[in-house]
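What follows is a short report on a single structure.
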Amino acid sequence: MSSELPKAAALFTLADYETAAKKHFDQGSWDFIAGGAGQERTLAANLAAFDRVRLQSRVLTGAGLPETKTTLLGRSWSAPIAVAPMAYHTLADPEGEVATARAAGAAGLPLVVSTFAGRTFESIAEAATAPLWLQVYCFRDRSTTRRLVERAERAGFEALVLTVDAPRLGRRLRDLRNGFRLPDGMVPANLTGGDYASPSAHALTEFDPALDWSVIDWLREVSSLPVLVKGVMSTSDARAAVRAGVDGIVVSNHGGRQLDGAPATLDVLPGITAAVGGACPVLVDGGIRRGADVLAALALGADAVLLGRPVLHGLAVGGERGAAHLLDLITEELVEAMALTGTPSVAETGPSLVGAEPEAA
Ligand code: FNR
């Protein structure tokens, strides 16, 4: 572990972690993590959508202690929360994804490992005690993607999460203005060759910009793992994903880092879960910062959420221990929100919890 937690008394919320994390980064790295595309309207919208939610308390329900356990793709999670795929955890802590894997394992929550992880799949797998999924970017050179998938599968990863909202990277003005380049020596540990120092320049030359739904069949040919798609934001794309036979959908606008002006994920979630109609699990990410946000996402039909930037804040503040504490904090907040809304289990949530009507399919 790289550092000790500051006085625990200062860290009661994920927002406290964000404040404490800032001093652990140089400006360029902080902006790379915190920033979004364009004028950051979508980044702000994700947070604002959760801020607008008002939960319906319910009393004398006899609910007892809330049960947060969730089963997804045949595996039990201690809560409906997983760590979102993010490049280079090594920016936040030298141990990078190895520390995150230990933290997620301690919390009983899965970790989605980015194609651009700063540590090898094998070392992450060795540290993990909860499910690992691989986030896949599909490169123009399919053999590179194929090798990544095969390696992860051999290392024991349990699912593939194909990111479909990035034919190129969004225009992230903070990075452009900072001339952001990865610190010397920081490389994607599972890729060889190439100049990765500028993430957006690399994506422009290497990512396949012309993918279509047939990529799902291709992934099924190269791997027997379940395939989820991440980056679905419309009901029509959700229906197309179901037709393509995916094993799960992640409603995501990439944390506001891709199409600036896209709606908040929470706002499109109910329509998408209604369109999917239970055909496969639906997860959501973007702007989740409190247990109450997790409950709101579940109420609007999500089976689970992914947590992004806050996990890097936890890592930066306290390494493995910081990330583990942060995951425990949001899980504990979820338990509190469930208790005060009379919600006995994650399966027993619904739109009435947030004062909404069920969506017509
Ligand atoms: C990301 N995200 C991302 N997504 C992905 O599919 N592959 C990746 O390599 C990355 N890398 C990445 C790096 C950093 C620094 C951030 C902040 C985000 C997007 C991520 O998976 C997720 O969609 C958002 O971060 C969720 O929003 P919040 O929780 O950060 O608001």
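Numbering (UniProt numbering), first residue to last: 1 to 361.
Ideal placement from N, C-alpha and C gives every residue a C-beta, glycine not left out.
Since this is a predicted model, take the numbers as computed values, not measurements.
With distances taken Cα to Cα, identify the nearest neighbour of Arg-58 among Leu-228, Arg-309, Ala-107, Gly-350.
-> Gly-350
Taking a cut-off of 5 Å, which residues have a beta-carbon closer than that to any heavy atom of the ligand FNR, in chain order?
-> Ile-33, Ala-84, Pro-85, Met-86, Ala-87, Ser-114, Phe-116, Gln-135, Thr-163, Ser-252, His-254, Gly-255, Asp-285, Gly-286, Gly-287, Gly-308, Arg-309
Quick one: Cα of Met-1 to Cα of Ala-324, how far?
-> Residue confidence is low: Met-1 scores 45 on pLDDT, short of 50, so the model does not pin down where it sits. No coordinate-derived value is stated.
Taking DSSP as the reference, what is the three-state secondary structure of Leu-300?
-> coil
Please report the Cβ distance between Leu-269 and Gly-301, rounded to the nearest whole angstrom; I am assuming they are in contact, meaning their Cβ atoms lie under 8 Å.
-> 6 Å
Rounded C-alpha distance that separates residue 366 from Arg-321 = This structure leaves residue 366 out entirely; the chain is present only between 1 and 361.
Assess, as a yes-or-no matter, whether the region 303-320 is touched by the region 40-48 under the definition of 3 or more beta carbon pairs within less than 8 Å.
-> no
Cβ contact (3+ pairs, closer than 8 Å) linking the region 229-245 and the region 273-281 | yes
Is it true that the region 183-197 meets the region 74-94, where meeting means three or more beta-carbon pairs spaced less than 8 Å apart?
-> yes
Option in Leu-109, Gly-256, Thr-205 with minimal Cα separation from Leu-173 | Gly-256
Does the region 166-181 come close enough to the region 195-210 that 3 or more CB-CB pairs lie under 8 Å?
-> yes
Looking at C-alpha atoms only, which residue of Thr-115, Thr-70, Gly-193 is the closest neighbour of Leu-160?
-> Thr-115
Smallest Cα separation from Ala-125: which of Gly-28, Arg-151, Leu-5?
-> Arg-151
Tell me whether Glu-67 sits in a helix, a strand or coil according to DSSP, three-state version.
-> strand
How far does the alpha helix (DSSP H) with Thr-273 in it reach, from first residue to last?
-> 265-276
Would Val-251 pass as a contact of Val-232 if the rule is Cβ separation under 8 Å?
-> yes
Residue-level contact to chain D via CB, Gly-118, 8 Å cutoff = Absent from the structure is chain D; it holds one protein chain and no more.
Going by C-alpha distance, which of Gly-74, Ala-10, Ala-87, Ala-15 is nearest Phe-32?
-> Ala-87
Reference Arg-140; option with closest CA among Val-215, Gly-156, His-254 | Val-215
Rounded to whole angstroms, what's the CA-CA distance from Ala-297 to Gln-39? Just pull it up for me.
-> 25 Å
Helix or strand or just coil, what does DSSP make of Tyr-17?
-> helix
State the beta-bridge partners of Ile-249 as determined by DSSP.
-> Val-229, Val-282
Through-space distance from Phe-157 to Glu-122, alpha-carbon basis | 10 Å
Could you tell me which of Ala-84, Arg-177, Asp-293, Leu-225 sits nearest to Asn-253, measuring between CA atoms?
-> Ala-84
What is the DSSP secondary structure of residue 369, counted as helix, strand or coil?
-> Coverage of the chain is limited to positions 1 through 361, which leaves residue 369 absent and any answer about it impossible.
Starting from Phe-207, follow its DSSP beta bridges and name the residues at the other end.
-> Phe-139
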